[in-house]
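> Every letter in the sequence shown is one number past the one before it in UniProt numbering, and letter 67, counting from 1, is 67. The beta-carbon is built from N, C-alpha and C at its ideal position, and this holds for glycine as well.
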Amino acid sequence: MPLELVTLPALSDNYTYLLHDSASGATACIDVPEAEPILDELAKRGWTLTEIWLTHHHHDHIGGVEDLLKTCDAKVTGAKSDRHRLPTLNREVADGDSFEFGGEVVDVLDVSGHTIGHIAFVVPNSGYAFTADSLMALGCGRLFEGTAGQMWDSLQKLAALDPETIICSGHEYTQANARFAITVDPDNDALKARIDRINALRSGNQPTVPSKLSEEVATNPFLRAADPAIQAHLDMIGAAPAEVFAEIRARKDRF
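1. Going by beta carbon distance, what residues of the same chain come within less than 8 Å of Gly-25, once the five residues before and after it are set aside?
2. Measuring CA to CA, which of Arg-142, Met-151, Ile-119 and Val-6 is closest to Ala-242?
3. Taking the beta carbon of Arg-142 as the centre, do at least 16 other beta carbons fall within 10 Å, making it buried, or is it exposed?
4. Leaving aside the five residues before and after Val-93 along the sequence, list all residues of the same chain whose C-beta is less than 8 Å from its C-beta, in chain order.
5. What is the DSSP secondary structure of Val-144, counted as helix, strand or coil?
6. Between the beta-carbon of Thr-219 and the beta-carbon of Leu-138, is there less than 8 Å?
7. Please look up how many angstroms separate the CB atoms of Asp-31 and Leu-8, rounded, as I've assumed it's under 8 Å.
8. Residues in its own chain within less than 6 Å of Glu-172 by CB, not counting five upstream and five downstream?
9. Cutting at 8 Å between CB atoms, please list the residues of its own chain near Thr-183, excluding the five before and the five after it.
10. Quick one: residues in its chain with C-beta nearer than 6 Å to the C-beta of Arg-224, no 5 flanking neighbours on either side, listed in chain order?
11. Could you pull out every residue in the same chain whose Cβ sits closer than 6 Å to the Cβ of Lys-157, ignoring the five residues on either side in sequence?
12. To test your reading of the DSSP string, which unbroken beta strand (DSSP E) runs of 3 or more residues are found completely within the region 148-205?
13. Just to confirm the assignment, what range does the beta strand (DSSP E) spanning Ala-79 have?
14. Apart from the five residues on each side of it in sequence, which residues of its chain come closer than 6 Å, Cβ to Cβ, to Gln-175?
15. Thinking C-beta only, is Thr-27 closer than 8 Å to Leu-19?
16. Taking Gly-64 as the reference, which of Leu-191, Pro-124, Val-6 and Glu-36 has the closest Cα?
17. Would you mind reading off the limits of the alpha helix (DSSP H) that contains Glu-34?
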């Protein structure tokens, strides 16, 4: 059985995640925008928080750590290269590292681009990838610190995961991302169908994340820079995918 996953909204448009192993009682929280919804959910389920995994240093992903640790004695994991901008870490990790949680292996990927030192946590046996602001539902994070080439390389790492992987990203941006995506991939029937599903979910105030990697590969323009239809629409037939990605990202920034 896969580890139990709980998706929690936080702040205005963030998501945080709880990952629970019923056999050991171990519970991890991935990113901490604020403490209150996490504490409420832990209390409701009778779980004890044992670990906190941080993807990157932005305040809307770490701002609640101090308050959470006032109540929970949890081990904090984050990128060694980013430790100067993160809360105090009990475990420092880097690209290619792995650690154990709930009897499963957790792999660490450097997915720099949105920030330098941004990491993703991949739990392959249960089929989860916690990507925060790297790969997002129908999008990717804005390039605040890294380059388009870095982000493209990071997205290729994530795209190479099992297509059934559940992508646990950090924000409810999907509807806005969809409005942009159709402008660069207007003939994609899978994208059109996804947009209809997204609009239906949001009209009922329902979350659009997590999402499945196979759906992102089929509809997310930031993963599809090598697609001939997108290249033709952008008048970039035959261009290197990294260059096409840079153009898509630039258009999104102006959208």
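The short version:
1. Trp-47, Thr-48 and Thr-50
2. Shortest Cα-Cα distance from Ala-242 to any of Arg-142, Met-151, Ile-119 and Val-6 involves Met-151.
3. exposed
4. Answer for Val-93: Thr-77, Gly-78, Ala-79, Lys-80, Phe-99, Val-108 and Ile-119, listed in chain order.
5. At residue 144 the sequence reads Phe, which differs from the Val that was named. Three-state DSSP puts Phe-144 in coil, outside helix and strand.
6. yes
7. With a Cβ gap of about 10 Å, Asp-31 and Leu-8 do not count as contacting.
8. Correct list, in chain order: Asp-13.
9. Arg-251 and Phe-255
10. In its chain, beyond the 5 residues on either side, Ile-230 have a beta carbon closer than 6 Å to the beta carbon of Arg-224.
11. Leu-109
12. 166-169
13. Annotation for Ala-79: the continuous beta strand (DSSP E) segment containing it runs 75-79.
14. Ile-198 and Arg-202
15. yes
16. Glu-36
17. Premise fails: Glu-34 is in no alpha helix (DSSP H) and is neither H nor E.
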